[in-house]
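Q: Dumping the structure here so I can ask a few things about it.
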Amino acid sequence: MALEAEEKTRVRRGTIVPMRGNEAVAYAVKLSRARVVAAYPITPQTIIVEKIDELISKGEMDAEMIHVESEHSALAATYGAAVGGVRAFTATSSHGLMYMYEVLWWVAGSRVPVVMAVVTRAIGAPWNIHVEHSDILSTRDTGWLVAMAENNQEALDLTVMMFRVTEDPRVYLPGIVGLDGFILSHTVEPVEVPDQELVDEFLPPRRQPYTIESGAPIAMGNIIPDEAFEEHRMDMHESMREARRVIEEAGREYGKLTGRDYSGLVECYKCSDADYLFVGIGSWMGDAKIAVDALREKGLRFGALRLRWIRPFPWDELREYGLEKKAVIVLDRSISFGYAGPVFLEVSSALEAKPSMVGVLAGVGGVDVNYEDIVKIAEHVVSLVEEKGRVYVPALWYHLGEFYPMKPGPLPTRKTPRHVNKLLEELWSKKS
Amino acid sequence: MYKLLREKSVEIRFHGRGGQGAVTAATLLVAAALNEGKWGQAIPSFGAERRGAHVLAFARVSEKPVPIHSQVRWPKIIVVLDPGLLLVEEERKRVLAGASSDTIVVANTPEPVDVGGVKLYYVDATRIARELGLVVAGWPVVNTSMLGALAKATGIVSIDSVLNAIKSYWPGRLGELNAEAAKRAYNETKLAQAEKITVTG
Amino acid sequence: MAFNIKALPKKNYIMPGNAACPGCPENIGLKFVSMALGEKATLVVPAGCTSVIQGLWPRQGTSMPVLNIVFAAAASAASGLSRALRIRGKDDIVVVWAGDGGTADIGLQALSGAAERGEDFIYICVDNEAYMNTGIQRSSLTPHGAWTTTTHRGNPGRKKPLPQIVAAHRVPYVATASIGYPWDFISKLKKAASIKGFKYIHLHAPCPVGWRFDPGLTVKIAQLAVETGAWILYEHENGKLKLNPPSNKLVDPSKRKPLEEYIKLQGRFRHLTDRDLEELKKEIEENWREITAILRAQGDL
Amino acid sequence: MRLSSRKPRKSLLPGDTALADSSPSRKDELVVEPGDHFYPLSIAAPGSMGRTGSWRIQRPVVDAEKCIGCYLCWLYCPDNTIIMREKAGPRGQDVASIDYEYCKGCGICANVCPVNAIEMVDESKFISQS
Chain A
39 MALEAEEKTR VRRGTIVPMR GNEAVAYAVK LSRARVVAAY PITPQTIIVE
89 KIDELISKGE MDAEMIHVES EHSALAATYG AAVGGVRAFT ATSSHGLMYM
139 YEVLWWVAGS RVPVVMAVVT RAIGAPWNIH VEHSDILSTR DTGWLVAMAE
189 NNQEALDLTV MMFRVTEDPR VYLPGIVGLD GFILSHTVEP VEVPDQELVD
239 EFLPPRRQPY TIESGAPIAM GNIIPDEAFE EHRMDMHESM REARRVIEEA
289 GREYGKLTGR DYSGLVECYK CSDADYLFVG IGSWMGDAKI AVDALREKGL
339 RFGALRLRWI RPFPWDELRE YGLEKKAVIV LDRSISFGYA GPVFLEVSSA
389 LEAKPSMVGV LAGVGGVDVN YEDIVKIAEH VVSLVEEKGR VYVPALWYHL
439 GEFYPMKPGP LPTRKTPRHV NKLLEELWSK KS
Chain B
497 MYKLLREKSV EIRFHGRGGQ GAVTAATLLV AAALNEGKWG QAIPSFGAER
547 RGAHVLAFAR VSEKPVPIHS QVRWPKIIVV LDPGLLLVEE ERKRVLAGAS
597 SDTIVVANTP EPVDVGGVKL YYVDATRIAR ELGLVVAGWP VVNTSMLGAL
647 AKATGIVSID SVLNAIKSYW PGRLGELNAE AAKRAYNETK LAQAEKITVT
697 G
Chain C
101 MAFNIKALPK KNYIMPGNAA CPGCPENIGL KFVSMALGEK ATLVVPAGCT
151 SVIQGLWPRQ GTSMPVLNIV FAAAASAASG LSRALRIRGK DDIVVVWAGD
201 GGTADIGLQA LSGAAERGED FIYICVDNEA YMNTGIQRSS LTPHGAWTTT
251 THRGNPGRKK PLPQIVAAHR VPYVATASIG YPWDFISKLK KAASIKGFKY
301 IHLHAPCPVG WRFDPGLTVK IAQLAVETGA WILYEHENGK LKLNPPSNKL
351 VDPSKRKPLE EYIKLQGRFR HLTDRDLEEL KKEIEENWRE ITAILRAQGD
401 L
Chain D
133 MRLSSRKPRK SLLPGDTALA DSSPSRKDEL VVEPGDHFYP LSIAAPGSMG
183 RTGSWRIQRP VVDAEKCIGC YLCWLYCPDN TIIMREKAGP RGQDVASIDY
233 EYCKGCGICA NVCPVNAIEM VDESKFISQS
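Protein chains in written order, with our numbering: chain A, 39 to 470; chain B, 497 to 697; chain C, 101 to 401; chain D, 133 to 262.
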């Protein structure tokens, strides 16, 4: 009890500020004392870059901004700065992330800590600037830690935490903090901004395994024998697994300082006693919590398990909460075409498909999904399970209030308008 | 939390035209709510934001935080920044979408207009903005006036909180002017008499 | 400038037994870089021959720190690295060592960005006039008529004027150099190191494997390129152009050795038609005309 | 519609100067701590591609009598396999010698030698001799 009281007194409240998710990330970067920021603007990430530049211009942040000409260069410059021995940050979305994809691998393989924010957005064609998780989930295999915020507070807290976790000698891998485009990036909500002293206490001076600078004739990344390459990959894998312990420690300590505990790789909302479980990532899992309460009022014992971390993967937590459920509903905001949502594939393998499992695809390209929609999804799955017993449905689209199994049967997709087709036919017949 | 959402939270939808400051209005509302120890959230316009286009913003004010980020589909309060949005049938439909019998519309209009039987509070915010010289690039900026009207009509935040939020958002003369607009609108906001309204299907 | 070979540092900056082909011009060039800049040089190397030349982990074949990086990102990684080192109060000379592909083609965007921002490092394009690392495919710096494995009938295009393109960014220092003229290259490196901002040196580097000549002739062919006027040694310092010896004496075409002396030693030009040879000569003549026009405008000719 | 309100709390808007950090930034400390991992790092060392002397087809042989110690071969050798031995020549001049363990036999030294003191000899000759 005495210890608890002592811990409580350590909690130091910050300043509550209404701000957009992107601003929350910018303040986190400032509080983390990043010294180099290199980024290329892309909707909906832009505000992060603008805000950081504003903070630097006003003299509130001691950092240099490198105004690079592309995302490829943004991550490369951020990486160069990190290798040179300073805390460095970048941010992007969608096509920007696709453009820097090869650099992601290079950074992770070199084991130098770098932090990046990914403001999730659909990838074209056609153009769509709204939320989808295809971009962030494509980083899954690159060797970066990947965390996903549910709200703006978490976007700030996870960014500060990410610097600490990535710079821990047990980890030394780069990290991505994801936040949903517009839904968080542009939404204003109260965010408690911790004091600088608190962050300084939480985040030790920068640590990294080596630097590239004069006086040390080492080469990073020259050709390596195949066997050594494989061992290098094995070591990255071990470090990623080790990262979960580091996250738990850092999250607990952050909780002691701020009152906001992030020791869990997942956030569990009423999932212990639940018969049914929602699993998913990102902001809509907040709506899923409301849906859980609404469903419980109707006598259906639901719970919601949000994966706060995608890498390292919360295998143990998923199994602890998910294995014994009647059914697990995985909400996916992106699809691996022809199969299922990426989160479903991950969760399904962890649960060995023991419970009934339904992968629901929804909200792709910014389509609004709220708690009522999630209640509808739940009721549909419950009736499915009651009717058929154990089910395994990798991909069930929920689109504008209706359900569409991927097979059999037609999907409600629009076709090319007739006048466009006609024009195409005309052009084609002229050619031939 | 579902109970909290239904009973202790208010969902608000702002309708304006690009450039009128609907998003800023929603943001200031959050600051005002926070000022009173409440929780608030402002979600900006979804879609291409172009000057003059019909723009939506959403806000939630709640006694305690609500973990929700979806759009507002069933608003308890609808704030209309541009009178024209209630005159064109197609736009009026969008404004009133999801409204129920206990919804309140707070509109910028010199005279009461037909809002399909929903309770209407109105104020001539355009006139107030012009009188105070709150005109940017030829456009009267009515968002702060409408916050004053919102405070009067619904009481979800006090006029003092609105004024504080405005003054800290724009320190100096601009803040004073906008605060004056909010105050005037607060005083001039009227409840439309029921008999004046023609209820349509 | 008097050049005393014996005064050069004796330290082995290039490690014997690295993975360069016999007679490799890149090894020669790297050796001069380290002789000129000593312990302060920190290399950033994009994909290319030098990625391989370093040899196999856990050893590396140069005595300089090397940050290897993906193909298109040398100039941007160097931007970040040099900023960080400056922030930390270090006086390292960050040097990008990139091939013609990494510079003129896939890396051009990052190069242009870094030049425009005025990043503080030296960018060296080691130009062996084709993608040698992947097996002699054409690049935009392959000269007209040259055979490569993707231009079997000779390169139809002509060499991209890269030093001029970089100079158009109004950077403080742009120079050309050749591995056949170490005194010139070393003094240019030293000058570049003394200037703050973005410096660019375009180093001509004949490749025995890709150009099809005897590896013992690397230096000789490099010198012939300059003596015939095919490669011109000059520097742009703060917008002012200056020819360097021996190119300064070759403004008069009659002072130049015949181009054929340079061409005939290289298998890549074996099938050159008379028309192609004329085209190549025209291209070289245009380069000279451009330079002399600038010199005249400056009042230096 | 009226919501109950609790005690007012200090709140600010984005950009409010009260959020500005007035404390001077910490020294730019950097802790280089390797930790226990496999980094793809290499150190400068001879023989990163093995004993490359075995690549040779021809061997440069220096005639110490002819060598004038001009250092040109040393300057141009791509592989730094020429070692200048100071004052070791018959006339007290510096003399070039070759590190055959690594020399790849490219022949540049023979070509740049102004006095033809280096001769390229077929390796097969040395095999038959030994």
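Just so it is clear, CB atoms sit at the ideal spot from N, CA and C, and this is done for glycine as well.
Given the structure is predicted, the values throughout are model-derived calculations rather than measurements.
1) For asparagine 480 of chain A, count the other beta carbons within 10 Å of its own beta carbon; 16 or more makes it buried, fewer makes it exposed. Which is it?
2) Going along chain D in order, which residues have a C-beta closer than 7 Å to the C-beta of alanine 119 of chain C?
3) Mind checking if serine 157 of chain D is an interface residue toward chain C, Cβ cutoff 7 Å exclusive?
4) Are the Cβ atoms of arginine 245 of chain A and valine 163 of chain D separated by less than 7 Å?
5) Is any beta-carbon of chain A found at less than 7 Å from that of aspartate 153 of chain D?
6) Reducing DSSP to helix, strand and coil, say where arginine 513 of chain B ends up.
7) Could you tell me the distance, in whole angstroms, from the CA atom of glycine 320 of chain A to the CA atom of alanine 187 of chain A?
8) Does the distance from the C-beta atom of leucine 167 of chain C to that of valine 121 of chain A stay below 7 Å?
9) Which ranges would you report for the alpha helix (DSSP H) in the region 629–684 of chain B if only whole runs of at least 4 residues count?
10) I want to verify the contact list: residues of chain C whose CB lies under 7 Å from the CB of tryptophan 144 of chain A, in sequence order.
11) Is there contact between the region 547–561 of chain B and the region 388–397 of chain A, where contact requires at least three CB pairs shorter than 8 Å?
12) So is histidine 224 of chain A buried or exposed if we call it buried at 16+ other beta carbons inside 10 Å?
13) For a quick check, are the C-beta atoms of alanine 645 of chain B and alanine 677 of chain B less than 7 Å apart?
14) Grouping DSSP H, G and I as helix and E and B as strand, with all else coil, what is tyrosine 208 of chain D?
15) How about proline 243 of chain A: is its C-beta nearer than 7 Å to some C-beta of chain D?
16) Quick one: does threonine 203 of chain C have its CB under 7 Å from some CB of chain A?
17) Please identify the residue among C:Gly310, C:Leu108 and C:Val170 whose C-alpha is closest to the C-alpha of arginine 368 of chain C.
18) Taking the CB atoms as reference points, tell me whether arginine 188 of chain C and glycine 219 of chain A lie closer together than 7 Å.
19) Counting only beta-carbon separations shorter than 7 Å, does glutamate 358 of chain A have a partner in chain C?
20) Using C-beta distances below 6 Å, list every residue in its chain close to threonine 296 of chain A, excluding the 5 sequence neighbours before and after it, in chain order.
21) When the Cα atoms are used, what is the spatial distance from proline 255 of chain A to arginine 356 of chain C?
22) Near glycine 664 of chain B, which residues of its chain fall below 6 Å by C-beta distance, leaving aside the five closest residues on each side in sequence?
23) When you compare the region 196–213 of chain C with the region 138–148 of chain C, are there three or more beta-carbon pairs, one atom per stretch, that lie closer than 8 Å?
24) Between alanine 603 of chain B and threonine 520 of chain B, what straight-line distance do the alpha-carbon atoms span, to the nearest angstrom?
25) Since arginine 371 of chain A is in the alpha helix (DSSP H), which residue starts that stretch and which ends it?
26) To the nearest angstrom, how far is the alpha carbon of valine 271 of chain C from that of histidine 302 of chain C?
27) Use the C-beta contact count for proline 246 of chain D: other C-beta atoms within 10 angstroms, 16 or more gives buried, fewer gives exposed.
28) Chain D partners of leucine 181 of chain C, CB-CB under 7 Å?
29) Might you give, ordered along the chain, the residues of its own chain that have their beta carbon closer than 7 Å to the beta carbon of lysine 236 of chain D, omitting 5 neighbours on each side?
30) What's the gap between the Cα of asparagine 190 of chain A and the Cα of glycine 59 of chain A?
31) Check whether the Cβ of serine 558 of chain B lies closer than 7 Å to any Cβ atom in chain A.
32) The region 621–639 of chain B: which residues have C-beta closer than 9 Å to a C-beta of chain A, in chain order?
33) By the three-class DSSP mapping on this structure, what secondary structure does threonine 81 of chain A have?
34) Does DSSP classify threonine 53 of chain A as helix, strand or coil?
35) Give the secondary structure of isoleucine 600 of chain B by DSSP, where H, G and I count as helix, E and B as strand, and everything else as coil.
36) Tell me which residue opens and which closes the beta strand (DSSP E) that isoleucine 574 of chain B is part of.
A: The answer reads as follows:
1) Given that chain A is displayed from residue 39 to residue 470, the structure contains no residue 480 of chain A and the question cannot be resolved.
2) The answer, in chain order, is Ser180 and Met181.
3) Confidence at serine 157 of chain D is low in this model, with a pLDDT of 46, below 50, so the placement of that residue is unreliable and no value is reported for it.
4) Taking C-beta atoms as the reference points, arginine 245 of chain A and valine 163 of chain D count as a pair closer than 7 Å.
5) Here the model assigns aspartate 153 of chain D a pLDDT of 46, short of 50, so the residue's position is not dependable, and the following value carries that caveat. Using a Cβ-Cβ cut-off of 7 Å, aspartate 153 of chain D counts as an interface residue toward chain A, since at least one Cβ of chain A sits closer than that to its own.
6) Strand at arginine 513 of chain B.
7) If I take the Cα positions, the gap works out to 6 Å.
8) Cβ atoms of leucine 167 of chain C and valine 121 of chain A: closer than 7 Å.
9) Uninterrupted alpha helix (DSSP H) stretches at least 4 residues long and entirely within the region 629–684 of chain B occur at 639–650, 655–665 and 669–684, given in chain order.
10) For tryptophan 144 of chain A, the chain C residues whose C-beta falls within less than 7 Å of its own C-beta are Ile169 and Val170, listed in chain order.
11) Two segments are said to touch when three or more pairs of C-beta atoms, one from each, lie closer than 8 Å; by this definition the region 547–561 of chain B does not touch the region 388–397 of chain A.
12) Residue environment: histidine 224 of chain A is assigned as buried (16 or more neighbouring CB atoms within 10 Å of its CB, all protein chains considered).
13) For the 7 Å CB-CB criterion, alanine 645 of chain B and alanine 677 of chain B do not form a contact.
14) In this structure, tyrosine 208 of chain D counts as helix in the three-state DSSP scheme.
15) Nearest CB-CB separation between proline 243 of chain A and chain D: below the 7 Å threshold.
16) False, the Cβ-Cβ gap to chain A never drops below 7 Å.
17) Arginine 368 of chain C has its Cα closest to that of C:Gly310, out of C:Gly310, C:Leu108 and C:Val170.
18) No, these two residues do not count as a Cβ contact at 7 Å.
19) No, its Cβ sits nowhere closer than 7 Å to a Cβ of chain C.
20) Cβ contact annotation for threonine 296 of chain A (same chain, cutoff 6 Å, sequence separation greater than five): Pro232, in chain order.
21) If I take the Cα positions, the gap works out to 42 Å.
22) Correcting the residue identity first, residue 664 of chain B is serine in this sequence and not glycine. None.
23) The region 196–213 of chain C vs the region 138–148 of chain C: in contact.
24) Taking the straight line from one Cα to the other gives about 17 Å.
25) It is not in any alpha helix (DSSP H) - arginine 371 of chain A carries neither H nor E in the DSSP assignment.
26) For valine 271 of chain C and histidine 302 of chain C, the distance between alpha carbons rounds to 14 Å.
27) Classification for proline 246 of chain D: exposed.
28) Correct list: empty, because the minimum Cβ distance to chain D is about 14 Å.
29) Around lysine 236 of chain D: Thr184, Trp187, Arg188 and Asp211.
30) Those two C-alpha atoms are separated by around 5 Å.
31) So no, serine 558 of chain B is outside the interface.
32) For the region 621–639 of chain B, the set of positions with a beta-carbon nearer than 9 Å to some beta-carbon of chain A is empty.
33) Note: threonine 81 of chain A maps to coil in three-state DSSP.
34) Under the three-state reduction of DSSP output, threonine 53 of chain A falls in the strand class.
35) Of the three classes helix, strand and coil, the one that applies to isoleucine 600 of chain B here is strand, per DSSP.
36) Here the beta strand (DSSP E) through isoleucine 574 of chain B covers 573–576.
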